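See structure below.
There are 2 protein chains.
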Amino acid sequence: MPRGSAPARRVTIVDVARHAGVSTTAVSKVLRNAYGASPDMRIKVRSAIEELGYRPSAAARGMRGQTYTIGVTLPDFRNPFFADILDGVTAALDGTDYVQMLARCCNDEVAEARVHDAMIDRSMDGLILIAPTGSRKHLERIARAVPTVVVGRHGEATGYDTVADDDFTGAELVVEHLAALGHQRIAHIEHLETNPVRLREMPNAIRSAGYRHAMQAHDLGTFIDIESTSYSREGGYLGARRLLARDPRPTAIFAGADIVAMGVLDALTEAGLSVPGDISLAGYDNTMFAAFAPISLTTVDQAGHHIGSEATRLLLDRIAHRDRPTAQVKLSPALVTRRTTAPIDATV
Amino acid sequence: MPRGSAPARRVTIVDVARHAGVSTTAVSKVLRNAYGASPDMRIKVRSAIEELGYRPSAAARGMRGQTYTIGVTLPDFRNPFFADILDGVTAALDGTDYVQMLARCCNDEVAEARVHDAMIDRSMDGLILIAPTGSRKHLERIARAVPTVVVGRHGEATGYDTVADDDFTGAELVVEHLAALGHQRIAHIEHLETNPVRLREMPNAIRSAGYRHAMQAHDLGTFIDIESTSYSREGGYLGARRLLARDPRPTAIFAGADIVAMGVLDALTEAGLSVPGDISLAGYDNTMFAAFAPISLTTVDQAGHHIGSEATRLLLDRIAHRDRPTAQVKLSPALVTRRTTAPIDATV
DNA sequence: GTGAAAGCGCTAACAG
DNA sequence: CTGTTAGCGCTTTCAC
Numbered sequence: 001m002p003r004g005s006a007p008a009r010r011v012t013i014v015d016v017a018r019h020a021g022v023s024t025t026a027v028s029k030v031l032r033n034a035y036g037a038s039p040d041m042r043i044k045v046r047s048a049i050e051e052l053g054y055r056p057s058a059a060a061r062g063m064r065g066q067t068y069t070i071g072v073t074l075p076d077f078r079n080p081f082f083a084d085i086l087d088g089v090t091a092a093l094d095g096t097d098y099v100q101m102l103a104r105c106c107n108d109e110v111a112e113a114r115v116h117d118a119m120i121d122r123s124m125d126g127l128i129l130i131a132p133t134g135s136r137k138h139l140e141r142i143a144r145a146v147p148t149v150v151v152g153r154h155g156e157a158t159g160y161d162t163v164a165d166d167d168f169t170g171a172e173l174v175v176e177h178l179a180a181l182g183h184q185r186i187a188h189i190e191h192l193e194t195n196p197v198r199l200r201e202m203p204n205a206i207r208s209a210g211y212r213h214a215m216q217a218h219d220l221g222t223f224i225d226i227e228s229t230s231y232s233r234e235g236g237y238l239g240a241r242r243l244l245a246r247d248p249r250p251t252a253i254f255a256g257a258d259i260v261a262m263g264v265l266d267a268l269t270e271a272g273l274s275v276p277g278d279i280s281l282a283g284y285d286n287t288m289f290a291a292f293a294p295i296s297l298t299t300v301d302q303a304g305h306h307i308g309s310e311a312t313r314l315l316l317d318r319i320a321h322r323d324r325p326t327a328q329v330k331l332s333p334a335l336v337t338r339r340t341t342a343p344i345d346a347t348v
Numbered sequence: 001m002p003r004g005s006a007p008a009r010r011v012t013i014v015d016v017a018r019h020a021g022v023s024t025t026a027v028s029k030v031l032r033n034a035y036g037a038s039p040d041m042r043i044k045v046r047s048a049i050e051e052l053g054y055r056p057s058a059a060a061r062g063m064r065g066q067t068y069t070i071g072v073t074l075p076d077f078r079n080p081f082f083a084d085i086l087d088g089v090t091a092a093l094d095g096t097d098y099v100q101m102l103a104r105c106c107n108d109e110v111a112e113a114r115v116h117d118a119m120i121d122r123s124m125d126g127l128i129l130i131a132p133t134g135s136r137k138h139l140e141r142i143a144r145a146v147p148t149v150v151v152g153r154h155g156e157a158t159g160y161d162t163v164a165d166d167d168f169t170g171a172e173l174v175v176e177h178l179a180a181l182g183h184q185r186i187a188h189i190e191h192l193e194t195n196p197v198r199l200r201e202m203p204n205a206i207r208s209a210g211y212r213h214a215m216q217a218h219d220l221g222t223f224i225d226i227e228s229t230s231y232s233r234e235g236g237y238l239g240a241r242r243l244l245a246r247d248p249r250p251t252a253i254f255a256g257a258d259i260v261a262m263g264v265l266d267a268l269t270e271a272g273l274s275v276p277g278d279i280s281l282a283g284y285d286n287t288m289f290a291a292f293a294p295i296s297l298t299t300v301d302q303a304g305h306h307i308g309s310e311a312t313r314l315l316l317d318r319i320a321h322r323d324r325p326t327a328q329v330k331l332s333p334a335l336v337t338r339r340t341t342a343p344i345d346a347t348v
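For the protein sequence lines, the chains are A and B, in the order given.
Numbering follows full-length UniProt numbering, with no gaps: position 75 of the first sequence is 75.
Numbering follows full-length UniProt numbering, with no gaps: position 90 of the second sequence is 90.
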């Protein structure tokens with residue numbers, strides 16, 4: 001069953017101009033809501049656009065001006081927290097002429113850089129990089145090429161704006177909550193990080209630092225107990241197995257991410273331990289599945305929607321004012337208490 | 001803190017040509033691996049590209065030839081099943097010059113059409129539309145403009161290739177499994193669908209039909225019991241509430257999607273019923289959370305990875321051969337038995 | 001096998 | 001306020 005006619009030639013700005021009896025400049029101006037077109041002309045042009053079903057080619061636009069496209073990169077499509085951020089971006093973009101295009105920027109730095117470059121090659125007007133792992137130098141290179149907002153990365157930044165949730169406080173909230181329930185042997189499973197810059201900038205490292213600080217602050221410094229694995233289900237399983245082998249074993253586990261907590265649950269189930277009866281468990285991210293009835297995980301909510309809309313606001317602002325000073329927005333997380341944490345009395 | 005120097009001018013094909021001492025045509029040919037460039041020239045050009053750090057502009061390419069970008073649209077970033085499909089796309093694209101860009105095509109048809117048009121405006125070389133809700137006519141219009149593969153949509157198609165999992169069989173697998181466990185009052189929660197075309201094409205409708213057919217085939221026709229809500233957690237909760245009000249109530253519930261099963265679990269927890277002790281539960285999609293220890297949901301695996309790679313293969317093939325006949329690939333689902341389904345005997 | 005030159009559709013100077 | 005014109009960076013004839 002062969003295709004029918006040849007793919008119809010696209011309607012161009014020239015067709016619209018001819019149809020409306022004006023110049024292409026005029027059409028271009030109307031398209032961009034630019035200065036210098038009479039109301040009368042605007043009407044004529046708009047109706048010609050309507051009648052012909054004209055749509056501007058982003059490729060052609062990109063060669064001279066803007067593409068009205070902003071690129072968003074994120075490391076993982078399975079973490080629902082990122083979906084919240086994207087919702088925020090979408091909401092902030094609603095009513096503007098901008099469209100968002102996404103790409104996943106795998107885990108390793110090389111693949112990530114490739115994705116960022118691909119965005120630049122495609123003439124994005126601006127970039128929102130969610131939880132990038134690349135070096136500061138790399139991020140600055142990207143930001144030199146195109147207006148950029150980095151989400152979920154702490155520390156000073158020179159060429160780009162940042163939006164991040166306060167992971168230090170978030171971790172403190174968890175420890176405080178567990179300590180208030182009477183727990184002392186509160187262990188933490190973190191994402192292994194060795195790079196010194198990332199130790200200062202990546203959310204996982206900040207959470208770990210927040211845990212340590214809060215433990216000290218509650219006079220629980222001697223009970224600090226950290227397993228370094230990875231932010232994944234496997235990482236959680238592995239970390240929990242090791243923690244359960246301790247004697248005495250912890251009475252509470254603070255997993256650095258909800259997905260890690262899922263791995264912890266695997267290990268606890270396997271060991272025949274109940275939550276929170278035998279051990280309390282908290283996660284981080286307030287992902288969708290944390291709320292499911294059989295899981296009901298105590299966790300930290302990061303207000304992803306707000307993060308996304310704030311990042312977008314900053315980006316659009318920077319596109320308009322390329323050399324305003326860079327801004328660093330820090331948002332506050334909130335503890336969400338559910339059924340995986342309980343008083344120590346109940347434990348045993 | 002103002003930005004430093006002006007954004008450096010991009011390296012162009014002209015720079016590369018000059019640096020290598022050849023024509024721009026030659027560079028272009030090397031870039032596209034086109035015929036008509038000596039090995040010697042290829043080497044010269046490639047090293048010039050390397051030295052200058054040249055990267056082709058997709059916008060400029062898009063005006064004459066390809067952009068090496070394929071667009072993927074999907075309705076929802078929260079359904080982890082789609083992430084599996086995307087992984088398949090990524091894997092199939094690995095090693096090619098193509099890059100994928102994603103966009104969410106909201107729920108309603110108008111917004112969806114806007115997203116599809118946005119993809120075309122941005123000169124995508126091809127489109128993979130995952131579970132689109134638009135009319136056949138709309139899909140055909142898109143496919144006329146650009147090579148298109150539609151994923152997760154049944155029925156005949158004229159201008160585009162399709163890849164879909166056999167939802168009819170998948171639903172039958174679930175019913176067979178439950179019937180073999182001795183269940184008779186097997187209820188189903190479906191996504192409400194009234195549009196006649198969608199009743200023939202959308203996976204949710206096909207699953208429902210498969211359920212009905214399998215019930216008949218097992219002489220359980222009189223026990224057919226369907227609640228029409230939506231494929232969402234709320235839909236599952238609502239449907240389950242209604243089903244639990246029946247007298248007698250079903251001994252098993254087949255939720256049309258895993259996320260629906262989560263809502264069912266909410267309702268069951270609320271009602272103080274245990275799974276599978278009081279009632280068996282099965283989902284569909286084998287999403288990530290179905291495997292979590294506290295959930296351990298019996299479900300149907302759709303081989304999302306395979307779906308994605310197959311769709312990509314078809315798309316690249318169609319980009320190369322625009323008028324080969326359209327293909328319709330149907331993949332087979334598999335039942336994944338976990339701990340939410342048990343023999344009726346165990347169900348008091 | 002190679003290169004000169006003509007656009008692709010749009011925006012931005014500039015002239016009227 | 002309006003139109004003419006010169007590119008943006010690439011691909012593609014079409015000569016050589």
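For every residue, glycine included, the Cβ atom is placed at its ideal position computed from N, Cα and C.
All figures in this text were calculated on a predicted structure; none of them were measured in a lab.
query: Going by beta-carbon coordinates alone, are T341 of chain B and A291 of chain B separated by less than 8 Å?; result: no
query: Are the beta-carbon atoms of L314 of chain A and D161 of chain A separated by less than 8 Å?; result: yes
query: When DSSP builds the beta bridges, which residues end up paired with S280 of chain A?; result: A:A252
query: For the putative contact between C105 of chain A and P80 of chain A, defined by C-beta atoms under 8 Å, what is the C-beta separation to the nearest angstrom?; result: Not a contact, Cβ separation roughly 18 Å.
query: Grab me the residues of D87 of chain B's own chain with a C-beta within less than 7 Å of its C-beta, minus the 5 sequence neighbours each way, in chain order.; result: H305 and G308
query: Could one say the Cβ of D121 of chain A lies closer than 8 Å to chain B's Cβ atoms, at least one of them?; result: yes
query: If you reduce the DSSP assignment to three classes, tell me which class L314 of chain B lands in.; result: helix
query: Identify the continuous alpha helix (DSSP H) that holds T90 of chain B and give its terminal residues.; result: P80 to L93
query: I need the boundaries of the alpha helix (DSSP H) containing R322 of chain A, first residue and last residue.; result: R322 of chain A -> no alpha helix (DSSP H), and no H or E assigned at all.
query: Which whole-angstrom value describes the C-beta separation of R241 of chain A and A267 of chain A, a residue pair presumed to lie in contact below a C-beta threshold of 8 Å?; result: 5 Å
query: At 4 residues or longer, and completely inside the segment 52-79 of chain A: list those alpha helix (DSSP H) runs for me, N to C.; result: 58-64
query: If you draw a straight line from the alpha carbon of K330 of chain A to that of D165 of chain A, how long is it in whole angstroms?; result: 5 Å
query: Span of the beta strand (DSSP E) holding D301 of chain B?; result: T299 to D301
query: State the start and end residues of the unbroken alpha helix (DSSP H) segment that holds H177 of chain A.; result: D167 to A180
query: Which residues in chain A sit within 7 Å of D266 of chain B, going by Cβ to Cβ distance?; result: A293
query: Since P80 of chain A meets chain B, which of its residues come closer than 7 Å, beta carbon to beta carbon?; result: R78
query: Assuming contact is defined by CB atoms lying nearer than 8 Å, are V30 of chain B and R18 of chain B in contact in what I supplied?; result: no
query: By a C-beta neighbour count over all protein chains shown, 10 Å radius and 16 as the cutoff for buried, is A334 of chain B buried or exposed?; result: exposed
query: Using a Cβ-Cβ cutoff of less than 7 Å, which residues in the same chain neighbour A327 of chain A once the five nearest sequence positions on both sides are dropped?; result: D161 and L314
query: Residues in the segment 279-292 of chain B with C-beta within 7 Å of chain A's C-beta atoms, listed in sequence order?; result: M288, F289 and F292
query: Residues in the same chain with beta-carbon distance under 6 Å from R338 of chain B, minus the five sequence neighbours each way, listed in chain order, please.; result: S296, L297 and T298
query: Taking 6 Å as the limit between beta carbons, can you name the residues of its chain near residue 367 of chain A, skipping five residues before and five after?; result: What the structure shows of chain A is the stretch from 1 to 348, and residue 367 of chain A is not part of that stretch, so it cannot be assessed.
query: With 8 Å set as the bound, which would you pick, yes or no: does the beta-carbon of M202 of chain B sit closer than that to a beta-carbon of chain A?; result: no
query: Check this for me: beta carbons of residue 350 of chain B and G263 of chain B, under 8 Å apart or not?; result: Lying outside 1 to 348, the shown extent of chain B, residue 350 of chain B is not represented and no answer is given.
query: Out of A:R322, A:D345 and A:A92, which has the shortest C-alpha to C-alpha gap to V146 of chain A?; result: A:R322
query: Quick one: does the C-beta of K29 of chain B sit closer than 7 Å to a heavy atom of the ligand GTP?; result: Of ligands this structure carries none, so the ligand GTP is not represented either.
query: Nearest CA to the CA of L243 of chain A: which residue from A:I186, A:V175, A:Y98 and A:F289?; result: A:I186
query: How many Å lie between A157 of chain A and R246 of chain A at the Cα?; result: 41 Å
query: By Cβ distance below 6 Å, which residues in the same chain neighbour P343 of chain B in space, the five residues on each side in sequence not counted?; result: L181 and G182
query: Please report how far the alpha carbon of G36 of chain B lies from the alpha carbon of V27 of chain B, in whole angstroms.; result: 11 Å
query: If we count the other Cβ atoms within 10 Å of its Cβ and call it buried at 16 or more, is I192 of chain A buried or exposed?; result: It is worth fixing the name first, because residue 192 of chain A is Leu in this sequence and not Ile. By the 10 Å Cβ count, L192 of chain A comes out exposed.
query: Would M41 of chain B pass as an interface residue toward chain A - the criterion being a Cβ-Cβ separation below 8 Å?; result: no
query: Using a Cβ-Cβ cut-off of 6 Å (strictly less than) and excluding sequence neighbours within five positions of G71 of chain A, which residues of its own chain qualify?; result: M101, M119, M124 and L127
query: Consult DSSP for T341 of chain B and reduce its assignment to one of helix, strand or coil.; result: coil
query: For my contact list, D117 of chain B and R55 of chain A are in at a C-beta cut-off of 8 Å; report their separation, rounded to the angstrom.; result: 6 Å
query: In chain B, what lies closer than 7 Å to M215 of chain A by C-beta?; result: Within chain B, no residue comes near M215 of chain A; the closest Cβ sits about 28 Å away, beyond 7 Å.
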